[in-house]
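To start, the structure under review is shown below, and the notes come after it.
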Ligand code: ADP
Ligand code: MG
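Numbering (the UniProt record's numbering), first residue to last: 1 to 566.
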């Protein structure tokens, strides 16, 4: 018997390492692992649970495919789309790996053969839809030797995620039934709450969360505010002309809009397809296929388009409408520039979209659109802060540098040293043990004896009234800037209390300085044909509550004004 000594462990380790490299080269053709892949694979081989966050195209598949090859038995991979499974299985098979997909598209004999291969242990990877997994848990899965479970697109399990799928909700049974088998959950899009929710719902046991950098520095970020439909169309055509012959996607809010914009583009002699859930599966497959094989240059699509599209040379993405969350937005722009070459994105932001989405969010009972997430999206669109910093901070990746590749960096607003302002706010948060939201924080800073303040005795705090010189509106703006700069975050699952981050702590203790943007207040003006609508500065980022009634009132008024002039 081999003695379990330090030397032996490291010998074993280096054996596994070289085996891993070998498999990476032989089966996948790559010489090196990307960041985190190796660590994740080791973790899974040690039969530990993991949650993996990696941007689209980051290389999540290898994190479970390689352990599957190195383990005895068959890995079960849950995937939400049949087309995704098909692509993956074909790719694996062409690399000489025994893989199959069990789904409702197969015919009887195909499934029977696959079942036999599973039971005989001839398959290394079995892809399966979530509903099939649930029905097979007491049949096929019992008779198999399972090496690991991989849950791809794991954010689909969470209502906090941006693409909740009820079929995923039952996935929690896996660990109850197979407690010994490791689970690896993978997603390209999950904020902190969604991550916690995935872990809870899958009942992951002491999981390690691996987050690889979400930064995609080759993607430029631009927001165009207040463009009316006509100006927007003109800008879209100009943009496509500038990107002559280059593949791109235009995301629209409605099916109707995808059709009308596609027609407009086709009129210019540009090959353009349409993709939305209202089309037949054949029509959708055709658009996707035409796009991947460069038979069309542009796809006008709703959010239905994109999951699992592996096209490396998409050069641009336009958002004709405001996405419902930063996760959706990031996922969608992430489909461009996978080859690492410079790629352009534009987001058109209009008051009309905001009104509509806000309405959906309040009516849909937060099922499909979450008001808080929508507000963060809105704040992104309105910010005067490096857009990449906002995005990365949103996903919990601390950055303190401006990117130089977004419209704000290219045309920076006036800034000043705001260290003291930031310190005052952070210090007040700390003194309440991080148990307050923005409203109460502003009360404390302004020295306001509100019932909430006196109820908690916060008038005794050292920072009470420390920010009296700054008006409420400006505090709201500065706090929003601080949030977006990543000095604190909002715990949505904890009464929206503010929690200081590590970069916030560095400011608080004077280890680094904070630069804030000068607030310029602009009037909402709608003049003749040249309509300029700027509403940003008045927005509170207080979460749904009474103050939003005023907002709705204001929005309703604006919409009416716009409609009258249309
Ligand atoms: P994700 O599922 O994270 O979106 P994939 O697993 O589909 O990404 O990988 C995206 C692309 O990156 C694929 O073409 C894959 O072959 C490639 N890839 C993955 N790992 C590596 C690696 N270590 N070296 C080079 N290419 C890799
Ligand atoms: Mg993937």
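In this text, a Cβ means the ideal position worked out from N, Cα and C, and glycines have one as well.
All values derive from a computational prediction rather than experimental measurement.
Range covered by the alpha helix (DSSP H) that runs through residue i
| i | result |
| --- | --- |
| residue 118 | 108 to 119 |
| residue 409 | 407 to 410 |
| residue 291 | 281 to 292 |
| residue 94 | 82 to 94 |
| residue 149 | Not the alpha helix (DSSP H): residue 149 falls in the beta strand (DSSP E), residues 146 to 151. |
| residue 251 | Segment 248 to 251 is the beta strand (DSSP E) holding residue 251; no alpha helix (DSSP H) there. |
| residue 307 | Premise fails: residue 307 is in no alpha helix (DSSP H) and is neither H nor E. |
| residue 264 | 255 to 267 |
| residue 446 | 438 to 446 |
| residue 393 | 387 to 394 |
| residue 205 | Looking at the DSSP string, residue 205 is not in any alpha helix (DSSP H), and its letter there is neither H nor E. |
Any non-hydrogen atom of the ligand ADP closer than 6 Å to residue i Cβ
| i | result |
| --- | --- |
| residue 59 | yes |
| residue 56 | yes |
| residue 34 | yes |
| residue 146 | no |
| residue 151 | no |
| residue 330 | no |
| residue 30 | yes |
| residue 62 | yes |
Cβ pair residue i, residue j closer than 7 Å
| i | j | result |
| --- | --- | --- |
| residue 448 | residue 337 | no |
| residue 155 | residue 187 | yes |
| residue 349 | residue 374 | no |
| residue 474 | residue 436 | no |
| residue 78 | residue 128 | yes |
| residue 517 | residue 415 | yes |
| residue 178 | residue 76 | no |
| residue 66 | residue 210 | no |
| residue 182 | residue 13 | no |
| residue 247 | residue 315 | yes |
| residue 74 | residue 123 | yes |
| residue 114 | residue 102 | yes |
| residue 463 | residue 428 | yes |
| residue 568 | residue 26 | With the chain covering only 1 through 566, there is no way to say anything about residue 568. |
| residue 251 | residue 175 | no |
The beta strand (DSSP E) enclosing residue i, as first and last residue numbers
| i | result |
| --- | --- |
| residue 488 | 488 to 491 |
| residue 214 | Segment: none, residue 214 is in no beta strand (DSSP E) and carries neither H nor E. |
| residue 301 | 298 to 301 |
| residue 272 | 272 to 275 |
| residue 329 | Here residue 329 belongs to no beta strand (DSSP E); instead the alpha helix (DSSP H) covers 326 to 333. |
| residue 74 | 74 to 78 |
| residue 53 | 50 to 53 |
Three-state class that DSSP yields for residue i in the structure shown
| i | result |
| --- | --- |
| residue 315 | coil |
| residue 499 | strand |
| residue 350 | coil |
| residue 536 | Low per-residue confidence applies at residue 536: pLDDT is 36, beneath 50, and the placement is therefore not dependable enough to give any value. |
| residue 223 | strand |
| residue 184 | strand |
| residue 478 | helix |
| residue 4 | With a pLDDT of 49 at residue 4, under the threshold of 50, the predicted position of this residue should be treated as unreliable, and no value is reported. |
| residue 415 | strand |
| residue 126 | strand |
| residue 100 | strand |
| residue 19 | helix |
| residue 451 | helix |
| residue 14 | helix |
| residue 519 | coil |
| residue 369 | coil |
| residue 512 | coil |
| residue 243 | coil |
| residue 525 | Bear in mind that a pLDDT of 43 at residue 525, under 50, signals an unreliable position, so the number given afterwards is only what the model happens to contain. Here residue 525 sits in strand by DSSP. |
| residue 558 | Model confidence at residue 558 stands at a pLDDT of 47, short of 50, so the residue's coordinates are unreliable; what they give is reported in the following sentence. Residue state, collapsed to three classes: helix. |
| residue 637 | Residue 637 is absent from the structure shown; the chain starts at 1 and stops at 566. |
| residue 56 | coil |
| residue 61 | helix |
| residue 374 | helix |
| residue 530 | Low per-residue confidence applies at residue 530: pLDDT is 39, beneath 50, and the placement is therefore not dependable, though the value from the model is reported in the following sentence. Three-state DSSP puts residue 530 in coil, outside helix and strand. |
| residue 71 | coil |
Residue i CB to nearest heavy atom of the ligand NAD below 6 Å
| i | result |
| --- | --- |
| residue 347 | For the ligand NAD, the structure offers nothing, since it holds only the ligand ADP and the ligand MG. |
### Message
Quick check: the segment 201 to 209 against the segment 224 to 231, are at least 3 beta-carbon pairs closer than 8 Å?
### Response
Because the criterion of three Cβ pairs below 8 Å is not met, the segment 224 to 231 and the segment 201 to 209 do not touch.
### Query
How do the segment 212 to 226 and the segment 282 to 292 stand: do at least 3 beta-carbon pairs fall below 8 Å, yes or no?
The segment 212 to 226, when compared against the segment 282 to 292, does not touch it at the 8 Å Cβ threshold.
### Task
For the segment 292 to 311 and the segment 266 to 281, state whether three or more C-beta atom pairs, one from each stretch, are separated by less than 8 Å.
In this structure the segment 292 to 311 touches the segment 266 to 281; the number of beta carbon pairs closer than 8 Å is three or more.
#### Entry: Segment contact, 8 Å Cβ cut-off, at least three pairs: the segment 248 to 266 with the segment 379 to 399
In this structure the segment 248 to 266 does not touch the segment 379 to 399; the number of beta carbon pairs closer than 8 Å is below three.
### Task
Could you tell me whether the segment 418 to 425 touches the segment 497 to 516, using the rule of 3 or more Cβ pairs below 8 Å?
Enough Cβ pairs lie closer than 8 Å, so yes.
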